[in-house]
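Chemist: To start, I am sharing the structure in question, which I have written as structure tokens.
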Amino acid sequence: MNHSFTGEKKEKLKRLEEVFQEVARNISVKIFQGADQNLTHPQFFMLKRLGKGSSTVSEMAEYLGVSLSAITSMADRLVKTGYVSRKRSEHDRRLVWLELTDTGREVMEETTSRRREIINGLLGRLPEEDLESLYVIYHKVLGFISEKAEK
């Protein structure tokens, strides 16, 4: 999809992109910095997804938007740390399920709590009307992402 914006809007979009990347990078660094678990961002998202229930390797690859080999490699590391377990389907031995272990659940909850504290500490300094505006904007952007995924 090629969007051709000109002038002022193009410049604003460029500035927003730069600020968004810097905010996301800084929040990510703060969340994972000094964490005992040595998790990467994608590994955290895998744990977060598995916190909602088990997933096949292919479902996880689709969810994270990465290749099957990338998920296999990531799962290998998380199995080795004891955060995730693998189970073969009893009905179809080709199917491998990933499940969160109790240790993995603790790590995911600790990381989620740390993320919430950091975000609340940063965004909590904004006036309520700015928070509402930010929520509305992010919600719209998520809608655009959903629209694109459905096409």
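In the working numbering, the protein residues as written are 59 to 209. Idealized CB from N, CA, C, for every residue including glycine. In this text the structure is predicted, and so the values were computed from the model without any measurement.
1. Alpha carbon to alpha carbon, how far is LEU122 from TYR188? Give it in angstroms, no decimals.
2. Is LEU210 helix, strand or coil when you go by DSSP?
3. Cα separation between LYS67 and ARG172?
4. What would DSSP say about THR161, mapped onto helix, strand or coil?
5. Going along the chain, which unbroken runs of the alpha helix (DSSP H) with 4 or more residues stay wholly within the region 89 to 128?
6. So what's ARG135 in DSSP terms, helix, strand or just coil?
7. Taking 8 Å as the threshold, find out whether the region 103 to 112 comes into contact with the region 151 to 158 through three or more Cβ pairs.
8. For VAL137, which option in ARG151, SER125 and ARG163 has the closest C-alpha, if you only look at C-alpha atoms?
Modeler: According to the data block:
1. The residue labelled residue 188 in the question sits at position 130 within the sequence shown. The residue labelled residue 122 in the question sits at position 64 within the sequence shown. The sequence as given places Asp at residue 188; Tyr does not occur at that position. Rounded to whole angstroms, ASP188 to LEU122 spans 30 Å at the Cα level.
2. The structure shown does not extend to residue 210, since the chain is modelled only from 59 to 209, so the question has no answer here.
3. Here residue 67 refers to the residue found at position 9 when the sequence shown is read from its first residue. Here residue 172 refers to the residue found at position 114 when the sequence shown is read from its first residue. Whole-angstrom Cα-Cα distance: 36 Å.
4. Residue mapping note: residue 161 aligns to position 103 of the sequence shown, counting from 1. DSSP places THR161 in helix when its eight states are reduced to three.
5. Unbroken alpha helix (DSSP H) stretches of 4 residues or longer found wholly inside the region 89 to 128: 99 to 108 and 115 to 122, given in chain order.
6. As a first step, residue 135 is located in the sequence shown; it is residue number 77 there, counting from the start. In this structure, ARG135 counts as helix in the three-state DSSP scheme.
7. yes
8. In the sequence shown, the residue the question calls residue 137 occupies position 79. The shortest Cα separation from VAL137 among ARG151, SER125 and ARG163 belongs to ARG163.
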